[in-house]
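Residue numbers (our numbering), protein chains in the order written: chain H, 2 to 199; chain R, 2 to 199.
All C-beta atoms in this analysis are idealised placements derived from N, C-alpha and C, irrespective of residue type, glycine included.
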DNA sequence: GATATATTTGAGTGATCGTTCAAAAATAAG
DNA sequence: CTTATTTTTGAACGATCACTCAAATATATC
């Protein structure tokens, strides 16, 4: 006994994400969103409450998707370390003009958001922390399989990888650096592989 | 035969830089600037033409200052590689709530700016390129003094260091990671020192 | 087909955006 | 002191901002 929404929520969120990712939170206006989502202001607000909440939800979608990509690569790899190295080499395969040439959306949000922001900054920091925890788990797995020494610190290794990825993907947002990014990714991947105790 | 301006241009630019760095280009309004600079709109526009040009000039001031800090550290160090390592350890000495806990302003601008932006993005990319050229020069100097092998690629090493710094400083913008940042910086610095051929 | 419920529309809200400009104020030179 | 030149002021501009809401529209259920 009611009308059903004309849109698929995840699909709409994907479009919002694309726009926010490209133009940033402040750089994206509601008029931009109306066009990209093909929705009128009333519908957008009925569905997502506010621009901020819409961004927040899009950011979470981004994190879920990114985590999925990492997990897939890890699952396909022979060892945890090899999976991580593969993941980084994949990040180095940049196609100009596509999402692959854009810095991490979490980083963009971290940098665009004031320290005190009670919503977007908190979400971004939490999701970044989640990602780092995943990396730490990978290194712990590598310890358990004897791939790396047990006297290494999985948390420190995780923050190092996190930082390397921050740098790599930020570097990738520069124009005309495609080859450089691939070489950089390979460099980083090799360093990770070298962690393996022979 | 005229009135003289009541402000010191560089001082004013420093205040604008501080604000833009903290809040971003889009996140900073002219009313914010009027307060921070203690100038009325007419004076601001007479002096800097537009918000965009003011940001552009503040960004250049940032780059000059940053380069100065790097050069100073390099000049004080025993070798090029040691200077670079010192510089990175300095970047790791983060004081929460101060500029040291903020990501690189050039990176922030790179990420906030659309690919096609004809002014701010271009300036940011050019200044980033300049920084990388400085790093390359350091590695070339290290080669000439025999500190690192001549079969290494100074440009590739420079982009790696650039990327590491991007990552480190972005990481430092997270809250409650002070110790982690210092450990991370030390890690990176040690890797650079390890490049030295015995 | 009538009813109840949910969604969509789009004109309109007040606030704030970056920017302008004529008038007022200040000062160096004669 | 007068004059010429420059800077500063701050009210006001049109445009755009995020957002609201009453009316129109659509549909599941009976």
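Which residue wins for smallest C-alpha separation from residue i, given the options the options?
i	options	result
residue 123 of chain R	R:75, R:85, R:74, R:61	R:61
residue 146 of chain R	R:72, R:81, R:36	R:81
residue 175 of chain R	R:151, R:76, R:96	R:96
residue 125 of chain R	R:177, R:188, R:183, R:57	R:57
residue 197 of chain H	H:179, H:35, H:141, H:181	H:141
residue 180 of chain R	R:92, R:69, R:12, R:35	R:92
residue 185 of chain R	R:89, R:66, R:77	R:89
residue 104 of chain H	R:115, R:99, R:102, R:101	R:115
residue 98 of chain H	R:111, R:117, R:99	R:117
residue 178 of chain R	R:35, R:139, R:101	R:101
residue 59 of chain R	R:23, R:41, R:73	R:23
residue 79 of chain R	R:65, R:32, R:139	R:139
residue 8 of chain H	H:41, H:32, H:71, H:31	H:41
Please compile the residues from chain H whose C-beta is within a distance smaller than 7 Å of the C-beta of residue i.
i	result
residue 24 of chain R	115
residue 167 of chain R	167, 168, 171, 172
residue 161 of chain R	185, 188
Among residues of its own chain, excluding the 5 on either side of residue i, which ones have a beta-carbon nearer than 7 Å to its beta-carbon?
i	result
residue 86 of chain R	190, 193, 194
residue 29 of chain H	20, 21
residue 53 of chain R	120, 121
residue 38 of chain R	13, 16, 17, 45
residue 158 of chain H	140
residue 31 of chain R	42, 52
residue 71 of chain H	88, 135
residue 65 of chain R	none
In chain R, which residues lie less than 7 Å from residue i when you measure between Cβ atoms?
i	result
residue 104 of chain H	112
residue 181 of chain H	160
residue 164 of chain H	168, 169, 172, 185
Can you round the beta-carbon distance between residue i and residue j to whole angstroms, since I take them to be within the 8 Å contact cut?
i	j	result
residue 161 of chain R	residue 188 of chain H	6 Å
residue 1 of chain H	residue 168 of chain R	The requested residue 1 of chain H is not part of the displayed model; chain H covers only 2 to 199.
residue 17 of chain R	residue 55 of chain R	6 Å
residue 25 of chain R	residue 109 of chain R	7 Å
residue 113 of chain H	residue 27 of chain H	7 Å
residue 63 of chain H	residue 106 of chain H	5 Å
Under 8 Å between beta-carbons, which chain H residues line up against residue i? List them in chain order, please.
i	result
residue 28 of chain R	27, 113, 115
Could you tell me which chain R residues have their CB closer than 8 Å to the CB of residue i, listed as they occur along the chain?
i	result
residue 101 of chain H	Chain R residues near residue 101 of chain H: none, gap ~13 Å exceeds 8 Å.
residue 175 of chain H	111, 126, 129
residue 108 of chain H	112, 171
Residues in the same chain with beta-carbon distance under 6 Å from residue i, minus the five sequence neighbours each way, listed in chain order, please.
i	result
residue 51 of chain R	none
residue 143 of chain R	81, 82, 149
residue 73 of chain H	none
residue 153 of chain H	none
Can you give me the Cβ contacts of residue i inside the same chain, cut-off strictly under 8 Å, excluding the 5 residues immediately before and after it?
i	result
residue 68 of chain R	131, 132, 135
residue 163 of chain R	129, 132, 133, 136
residue 6 of chain R	48
residue 77 of chain H	84, 87
residue 182 of chain H	93, 95, 169, 172, 173
residue 35 of chain H	41, 42, 45
residue 33 of chain R	20, 24
residue 127 of chain R	none
residue 111 of chain H	122, 125, 126, 129
residue 151 of chain R	144
Give me the chain R residues within the contact set of residue i, using Cβ-Cβ distance strictly less than 9 Å, ordered along the chain.
i	result
residue 85 of chain H	Simply none; closest approach about 15 Å.
Which chain H residues sit within Cβ distance under 9 Å of residue i?
i	result
residue 157 of chain R	181, 184, 185, 188
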